[in-house]
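Take the sequence shown: its letters are residues 1 to 85, numbered as in the working numbering.
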Amino acid sequence: MLRLSGDTDQDVAGASTTTVQLTATAFGSAVAGMVANASGFADPATTADAARHLFAVFLVPAAVALAGAVLVSRAGAGKRSPAGK
Numbered sequence: 001m002l003r004l005s006g007d008t009d010q011d012v013a014g015a016s017t018t019t020v021q022l023t024a025t026a027f028g029s030a031v032a033g034m035v036a037n038a039s040g041f042a043d044p045a046t047t048a049d050a051a052r053h054l055f056a057v058f059l060v061p062a063a064v065a066l067a068g069a070v071l072v073s074r075a076g077a078g079k080r081s082p083a084g085k
């Protein structure tokens, strides 16, 4: 990103990269906390319950990402132009 920005914008681009990373970490932590609380992670009865809840915490974002990838690939499938045109 720093290579693509102009000489005058490199400081802003460097700062924005860190800001985006920190914001993504904060949102990811918030979503993981909401999924954990919604699945009853706060008071698991057994180790198996805790393992199931932890699995759900990782499964939900993966499922959302997979669904998004499928939707994007379907949406872009008809819009490709032949090479060289």
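Where a beta carbon is used, it is the ideal one built from N, C-alpha and C, also for glycine.
Note that the structure is a prediction, hence the values are computed from the model and not measured.
- Remark: C-beta atoms of V31 and V60 approach each other more closely than 9 Å.
- Judged by DSSP secondary structure, G76 falls within the alpha helix (DSSP H) whose first and last residues are T47 to A77.
- As the crow flies, the alpha-carbon of S5 is around 28 Å from that of G76.
- In the three-state scheme derived from DSSP, where H, G and I count as helix and E and B as strand, S16 is classed as helix.
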